[in-house]
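One rule links them: number in the working numbering = place in the sequence shown (from 1) + 97. For glycine and all other residues, C-beta sits at the position ideal for the given N, C-alpha and C. Here the structure is a predicted model, which is why all the values come from computation and not from measurement.
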Amino acid sequence: MKKISIHTNLQQVTLEELPTDYQKLIELAKTQTKSAYAPYSKFFVGAAVLLNDGQVIGGNNQENAAYPSGLCAERVALFYANSQHPSTPIKALAIAAYTNNSFVKKPIAPCGSCLQVLVECELRFNQNIEIILYGEQEIYHIKKAGELLPFSFTLK
Ligand code: THU
Numbered sequence: 098m099k100k101i102s103i104h105t106n107l108q109q110v111t112l113e114e115l116p117t118d119y120q121k122l123i124e125l126a127k128t129q130t131k132s133a134y135a136p137y138s139k140f141f142v143g144a145a146v147l148l149n150d151g152q153v154i155g156g157n158n159q160e161n162a163a164y165p166s167g168l169c170a171e172r173v174a175l176f177y178a179n180s181q182h183p184s185t186p187i188k189a190l191a192i193a194a195y196t197n198n199s200f201v202k203k204p205i206a207p208c209g210s211c212l213q214v215l216v217e218c219e220l221r222f223n224q225n226i227e228i229i230l231y232g233e234q235e236i237y238h239i240k241k242a243g244e245l246l247p248f249s250f251t252l253k
């Protein structure tokens with residue numbers, strides 16, 4: 098028997114330590130929570146994608162009475178980016194969440210399905226996607242989505 102360990106690397110940063118384009122990306126993710134459609138969970142998630150050419154795209158969670166028909170903020174933003182800009186790699190993704198009258202204090206992580214989509218995007222464009230997770234008390238900066246799903250499913 099051989100024991101295998103998989104490690105995840107992430108950095109806790111302050112807002113000021115992030116480059117200004119990532120600070121702006123967080124602002125967009127926060128703004129995006131305002132137009133989320135989350136009448137069931139009342140958990141409003143905003144996502145903001147930065148493309149290689151500097152364009153930014155927002156998204157938010159869209160819920161449905163038939164629960165599985167809804168979609169997370171991250172995938173709304175990622176799929177829109179990929180559908181409208183199929184040749185432009187994604188550089189970074191910021192995520193914020195708002196519930197009970199405030200932004201979450203500790204960051205939330207993308208769900209497993211969103212991580213799988215992020216890893217697909219990294220493979221598709223052969224480029225790491227930086228993830229910025231916003232919380233009022235803590236901000237995490239992850240250098241590539243694969244860090245959060247190191248044992249992802251791939252056909253390669
Ligand atoms: N949600 C997201 O949009 N992104 C995440 O990373 C986690 C969860 C949404 C799904 C659902 O609308 C609500 O948050 C509560 O689970």
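Report the partner residues of residue i according to the DSSP bridge assignment.
i, result
"His-238", "Gln-108, Ile-229"
"Gln-159", "Tyr-134, Leu-168"
"Phe-141", "Tyr-195"
"Ile-154", "Val-146"
"Phe-250", "Answer is none; Phe-250 lacks a bridge partner."
"Phe-200", "Tyr-195"
Counting only the same chain and skipping the five closest in sequence on each side, list residues whose C-beta sits under 6 angstroms from that of residue i.
i, result
"Pro-186", "Asn-149, Phe-222, Gln-224"
"Ala-201", "Note that residue 201 is Val in the sequence shown, not Ala. Taken in chain order, the residues that qualify are Ala-194, Gly-232."
"Lys-131", "none"
Which residues mark the beginning and the end of the beta strand (DSSP E) in which residue i is found?
i, result
"Thr-196", "187 to 196"
Contact defined as beta carbons within less than 8 angstroms: I believe residue i pairs with residue j. What is the distance between those atoms, to the nearest angstrom?
i, j, result
"Gly-156", "Gln-129", "6 angstroms"
"Pro-204", "Glu-235", "6 angstroms"
"Lys-241", "Glu-219", "7 angstroms"
"Glu-171", "Ala-206", "At roughly 10 angstroms, the Cβ-Cβ gap does not stay under 8 angstroms, so Glu-171 and Ala-206 are not in contact."
"Leu-115", "His-238", "7 angstroms"
"Ile-192", "Val-142", "7 angstroms"
"Ala-73", "Asn-158", "Limits of the chain in this structure are 98 at one end and 253 at the other, which puts residue 73 out of reach."
"Lys-188", "Ile-226", "7 angstroms"
"Leu-175", "Val-153", "Not a contact, Cβ separation roughly 13 angstroms."
"Ile-254", "Phe-248", "Summary: the structure shown does not reach residue 254, with the chain confined to residues 98 through 253, and so no result is reported for it."
What residue does the alpha helix (DSSP H) around residue i start on, and which one ends it?
i, result
"Gln-213", "209 to 222"
"Thr-117", "117 to 129"
For residue i, collect the residues of the same chain with a Cβ closer than 8 angstroms to its Cβ; drop the 5 residues on either side in sequence, then sort them by chain order.
i, result
"Leu-112", "Gln-120, Ile-123, Ile-236"
"Lys-246", "Checking the sequence shown, residue 246 turns out to be Leu, not Lys. Correct list, in chain order: Gly-209, Leu-212, Gln-213, Leu-215, Val-216."
"Lys-127", "Gly-143, Ala-193, Tyr-195, Phe-200, Tyr-231"
"Val-173", "Ala-144, Gly-156, Asn-157, Asn-158, Gln-159"
In its own chain, which residues sit with a C-beta less than 7 angstroms from the C-beta of residue i, not counting the 5 before and 5 after it?
i, result
"Cys-208", "Cys-169"
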